[in-house]
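Report on the structure given below.
In this note's numbering, the protein residues as written are 1 to 78.
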């Protein structure tokens, strides 16, 4: 979708900035629906932050910018 495509460069910036600190990735839910099922993924793009409790991610509802995403990731792992 368009929103997903717009998010790609932002999450790639975050992945580069946080390399070695946190893992940042994406899943194509049209091809891998079973991955999102346990986490109640219904809309796209959905951003989940897996912090210290890797079994219970939090939903990210903030800005879709690299700076905002990076801040949220760092906060989630502290």
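Built from N, CA and C at the ideal position, the CB exists for glycine as well.
* Asked: Is the CB-CB distance between residue 52 and residue 14 below 7 Å?
  -> no
* To do: Mind checking which residues open and close the alpha helix (DSSP H) that includes residue 67?
  => 66–77
* Rounded to whole angstroms, what's the CA-CA distance from residue 26 to residue 44? Just pull it up for me. => For residue 26 and residue 44, the distance between alpha carbons rounds to 11 Å.
* Asked: For residue 73, does the count of other Cβ atoms within 10 angstroms reach 16, so buried, or fall short, so exposed?
  -> Answer is buried; the Cβ neighbour count reaches 16.
* To do: Grab the span of the alpha helix (DSSP H) containing residue 33 for me, first residue to last.
  => That run of the alpha helix (DSSP H) goes 33–36.
* Under 6 Å Cβ to Cβ from residue 58, same chain only, skipping five residues before and after it: list those, please. => 49
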